[in-house]
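These notes are about the structure you will find just below.
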Amino acid sequence: MSTTLSELKEKASQLSETERAELALSLIESLDGPPDPNVEEAWRLEVERRVGQIERGEVELIPGDEVFARLRRRLG
Numbered sequence: 033m034s035t036t037l038s039e040l041k042e043k044a045s046q047l048s049e050t051e052r053a054e055l056a057l058s059l060i061e062s063l064d065g066p067p068d069p070n071v072e073e074a075w076r077l078e079v080e081r082r083v084g085q086i087e088r089g090e091v092e093l094i095p096g097d098e099v100f101a102r103l104r105r106r107l108g
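Read left to right, the sequence shown gives residues 33 to 108 (the numbering used here).
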C-alpha cells in the first residue's frame, strides 16, 4: 500500500509538536548521509580549544540576552 505525500503531511500535522520536531530532524538527517569522522574530530578539537580559552580567561563570555539585544540594535 502506497502512501502519498499529501497523506503523509496530513498524518504528520496530527502529531504533537515534539513528535513533529523529531520527524523533521529525522528527515533532515536522512538527507545528510553518514557523518564525516574528520568533521566530528574537528568540532571536538574546536570545543576543547574554546573551553580552554574560557578556563584561561582569554575570552569574555556574554550572556545570550545581551547578545540578542546587541543584534536587535545593530539590525534595527
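Note that beta-carbon positions come from the ideal geometry of N, C-alpha and C, so glycine has one too.
Helix, strand or coil for Arg82 per DSSP? helix
Am I right that Leu57 and Leu47 are in contact with their C-beta atoms under 8 Å? What's the rounded C-beta distance? Wrong, their Cβ atoms sit about 13 Å apart, outside the cutoff.
Where do the N-terminal and C-terminal ends of the alpha helix (DSSP H) with Asp64 fall, by residue? 49-64
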